[in-house]
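Novice: Start counting the sequence shown at 13; every next residue gets the next number (our numbering).
All C-beta atoms, glycine included, are put in the ideal place defined by N, C-alpha and C.
Keep in mind that this is a model prediction, so the values were computed, not measured.
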Amino acid sequence: MKSNLMVRVNERQYGPLSPTELKTLVRKGKFTLNDYVWNDENEDWVKAEKLEQIRELFQTDAREDKDRKIIAIGSGKGGVGKTIISASLGIGLAAMGREVILVDADFGGANLHTCMGLLEPKYTFLDYYTTNRETLEDIILDSPIDNLKLISGACGTLGMANPKYWQKQRLIKELSELPADYVIMDLAAGTSYNVIDFFLSVDEGIVVTTPEPMAIQEGFDFIKLCLMRKLQQTFRNEPNALSLLELDGDSNLVQFNAPLAELMEKAQNSSTELADRIEDVLLDFHPRLILNMVMEPDEIKEGMALKTAAAELLSIDLEYSGYIDYDENMRKSVKELRPFILQYPNSPAARNIAKIITLKLMQKRKVDSFLNNIKLRRTIQSQARNYPNRQGKESEIICSVKCFYWDECEFQNGGMPCRIRQLESIF
Ligand SMILES: Nc1ncnc2c1ncn2[C@@H]1O[C@H](COP(=O)(O)OP(=O)(O)O)[C@@H](O)[C@H]1O
Ligand SMILES: [Mg+2]
């Protein structure tokens with residue numbers, strides 16, 4: 013189908029729109045079969061119902077709607093690779109022809125745009141919160157990659173780290189209406205309500221951890237707190253259920269004192285109906301796990317260990333979606349200000365990521381996944397050729413050796429460029 017569609021609704025023209033954007037209008041009921049589409053061939057407006065391809069948009073809408081995925085990437089610990097994985101998954105899905113919007117929801121330490129080599133985003137969440145731009149769609153940025161757009165976090169605005177309840181609700185609603193096949197949210201690290209609430213509100217939550225014992229522990233705690241919050245919200249008006257689950261009725265998150273299976277048994281003795289409802293909550297919570305920075309084959313099984321712990325202690329199915337090797341190229345790509353998967357598409361970690369995309373996120377069968385991996389890498393290579401080269405422009409972000417933080421500069425040590433800039437607002 014043509015990628016640029018002009019449409020007319022109630023005598024007003026809109027466009028050019030991509031098919032996905034038009035689908036969103038259809039889903040919102042703002043475009044119907046009685047409205048008009050510009051037809052290049054006869055150079056005239058044609059009623060939408062007369063064009064088969066447009067009619068198809070209406071027919072496939074119900075199915076597409078179900079397939080739409082808002083994915084959130086979270087972790088207990090910072091520095092485990094959430095941002096670089098979010099960007100890589102987004103670029104990979106876009107290379108597979110899906111329309112993707114990457115959302116930097118790490119309000120305290122926004123750096124997704126830097127990871128994409130985009131140093132000065134035109135709009136950020138700050139514009140959205142300060143209502144310069146009214147809706148999320150107003151702050152979507154184009155990226156140099158086909159099918160991929162970006163919503164940038166607000167740099168230098170520590171105050172944004174804690175959006176108010178209504179701001180969160182508004183954001184979640186608008187995210188679900190964005191014109192995309194996949195919306196990928198890069199969350200802040202940790203277990204604050206903001207992070208957990210976003211993680212619970214999406215179609216698919218992915219927890220990232222590394223094989224280090226500390227990260228595994230924090231990954232487990234993150235999953236546990238998410239589950240507690242979900243149970244707490246489900247039963248918030250039922251004091252009996254809360255006390256049975258040993259959860260505090262108010263918003264303090266306390267620890268479970270026993271494996272969920274034991275609490276379920278207690279519930280079963282008190283009310284089978286309650287036990288069934290708890291079971292529904294447990295079945296409905298099935299986050300994915302990605303194990304990152306794997307250095308030795310032996311470490312791969314740490315992911316299985318975490319899956320087993322989630323099953324035994326929390327009675328939930330944590331899907332181990334794959335591992336990503338430790339790969340020096342990742343750090344190099346950050347320094348080179350080029351998205352990792354574009355810069356090093358044949359490196360071990362890029363291959364791991366391609367497998368996660370095709371085999372797990374897109375659920376292709378193994379043989380299809382193999383062919384898709386080839387397609388993905390080819391598309392990525394051609395995208396890489398067109399990607400703007402930021403090399404030589406490091407001075408834009410490396411401030412100077414006089415910088416107060418120079419000795420501890422994360423970027424010098426192979427980390428993300430100059431997070432410290434975000435502190436400017438408090439000096
Ligand atoms: N698989 C990996 N191998 C090597 N370095 C990695 C890997 N994954 C992430 N990194 C590096 O770790 C650092 C932190 O990654 P980042 O995505 O910013 O983590 P987070 O968003 O979880 O804080 C980055 O410099 C990145 O290049
Ligand atoms: Mg990050």
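#1: Would you mind sorting P28 into buried or exposed? The rule is 16 or more other CB atoms within 10 Å of its CB.
#2: Specify, as a first and last residue, the run of the alpha helix (DSSP H) that S98 falls within.
#3: For N358, verify whether its CB is less than 7 angstroms away from any heavy atom of ligand 1.
#4: Is DSSP giving Y141 helix, strand or coil here?
#5: Compute the Euclidean distance between the alpha carbons of S155 and D310, then round it to the nearest angstrom.
#6: State the Cα-Cα distance for the pair E230 and L162, rounded to the nearest angstrom.
#7: Restricting to Cα atoms, I'd like to know which of K278, P271, T32 is closest to N252.
#8: Within a Cβ cutoff of 6 angstroms, which residues of the same chain sit near I328, ignoring the five residues on either side of it in sequence?
#9: When we look at the beta-carbon of D150 and count the other beta-carbons within 10 Å, is it buried (16 or more) or exposed?
#10: Can you grab the Cα-Cα spacing for the pair R389 / G104, in whole Å?
#11: Buried or exposed: where does R350 fall if 16 or more other Cβ atoms within 10 Å of its Cβ makes it buried?
#12: Measuring alpha carbon to alpha carbon, tell me which of L373, I392, R343, Q181 ends up nearest I353.
#13: Assuming the contact rule is C-beta atoms closer than 8 angstroms, I302 and I113 should be a hit. Round their C-beta distance to whole Å, please.
#14: Just checking my contact of N206 with K180 at CB under 8 angstroms: how many whole Å lie between their CB atoms?
#15: For ligand 1, is there a heavy atom less than 7 angstroms away from the beta-carbon of T36?
#16: What residues in its chain sit with their C-beta under 7 angstroms from that of L383, if we drop five residues either side in the sequence?
#17: Express the C-alpha separation of T203 and L63 in angstroms, rounding to a whole number.
#18: State the DSSP-derived secondary structure class of K313, mapped to helix, strand or coil.
#19: Please list the segments of the beta strand (DSSP E) lying wholly inside the segment 328-386, counting only runs of 3 or more residues, in order along the chain.
#20: Any heavy atom of ligand 2 closer than 7 angstroms to the Cβ of N123?
#21: Would you check if the segment 80-89 and the segment 209-218 touch, i.e. whether three or more CB-CB distances between them fall below 8 angstroms?
#22: Given this structure, state the Cα-to-Cα distance separating Y26 from Y48, to the nearest angstrom.
Specialist: In short, the structure shows the following:
#1: If you number the sequence shown from 1, residue 28 lands on position 16. It is exposed - the Cβ of P28 has fewer than 16 other Cβ atoms within 10 Å.
#2: Taking the sequence shown and counting its residues from 1, the one referred to as residue 98 is at position 86. Segment 94-107, the alpha helix (DSSP H) holding S98.
#3: Taking the sequence shown and counting its residues from 1, one reaches residue 358 at position 346. Ligand 1 has no heavy atom closer than 7 angstroms to the beta-carbon of N358.
#4: For the purposes of this step, residue 141 is identified with residue 129 of the sequence shown, where counting begins at 1. Here DSSP, grouped into helix, strand and coil, assigns Y141 to helix.
#5: In the sequence shown, the residue the question calls residue 155 occupies position 143. In the sequence shown, the residue the question calls residue 310 occupies position 298. For the pair S155 and D310, the Cα-to-Cα distance works out to about 38 angstroms.
#6: Numbered from 1 along the sequence shown, position 218 holds the residue referred to as residue 230. Numbered from 1 along the sequence shown, position 150 holds the residue referred to as residue 162. Cα-Cα distance, rounded: 29 angstroms.
#7: As a first step, residue 252 is located in the sequence shown; it is residue number 240 there, counting from the start. That would be K278, whose Cα lies nearest to the Cα of N252.
#8: In the sequence shown, the residue the question calls residue 328 occupies position 316. So the qualifying residues of the chain are L294, F297, A322.
#9: As a first step, residue 150 is located in the sequence shown; it is residue number 138 there, counting from the start. Its Cβ having fewer than 16 others within 10 Å, D150 is exposed.
#10: As a first step, residue 389 is located in the sequence shown; it is residue number 377 there, counting from the start. As a first step, residue 104 is located in the sequence shown; it is residue number 92 there, counting from the start. Approximately 8 angstroms, taken between the alpha carbons.
#11: Here residue 350 refers to the residue found at position 338 when the sequence shown is read from its first residue. Its Cβ being crowded by 16 or more others within 10 Å, R350 is buried.
#12: Taking the sequence shown and counting its residues from 1, the one referred to as residue 353 is at position 341. Per the Cα distances, I392.
#13: On the sequence shown, residue 302 is found 290 positions in, with the first residue counted as 1. On the sequence shown, residue 113 is found 101 positions in, with the first residue counted as 1. The beta-carbon distance between I302 and I113, rounded to whole angstroms, is 20 angstroms. This is too long to meet the 8 angstroms contact definition.
#14: Counting from one through the sequence shown, the residue named residue 206 turns up at place 194. Counting from one through the sequence shown, the residue named residue 180 turns up at place 168. Taking a contact as a CB-CB distance under 8 angstroms, the pair N206 and K180 counts as one, their CB atoms being some 7 angstroms apart.
#15: By 1-based counting over the sequence shown, the position of residue 36 is 24. Because no heavy atom of ligand 1 lies under 7 angstroms away, the Cβ of T36 does not count as near it: no.
#16: Counting from 1 along the sequence shown, the entry for residue 383 is found at position 371. So no residue of the chain qualifies.
#17: Residue numbering aside, residue 63 sits at position 51 when the sequence shown is read from its first letter. Residue numbering aside, residue 203 sits at position 191 when the sequence shown is read from its first letter. When rounded, the distance between both Cα atoms is 50 angstroms.
#18: Locating residue 313 in the sequence shown gives position 301, where the first residue counts as 1. Note: K313 maps to helix in three-state DSSP.
#19: Given a length threshold of 3 residues, each whole run of the beta strand (DSSP E) inside the segment 328-386 is given here in chain order: 331-337.
#20: Indexing the sequence shown from 1 puts residue 123 at position 111. A heavy atom of ligand 2 is found nearer than 7 angstroms to the CB of N123.
#21: Proximity of the segment 209-218 to the segment 80-89 meets the contact definition, three or more beta-carbon pairs being nearer than 8 angstroms.
#22: Counted from its first residue, the sequence shown places residue 26 at position 14. Counted from its first residue, the sequence shown places residue 48 at position 36. Put simply, the backbone Cα of Y26 is about 10 angstroms away from that of Y48.
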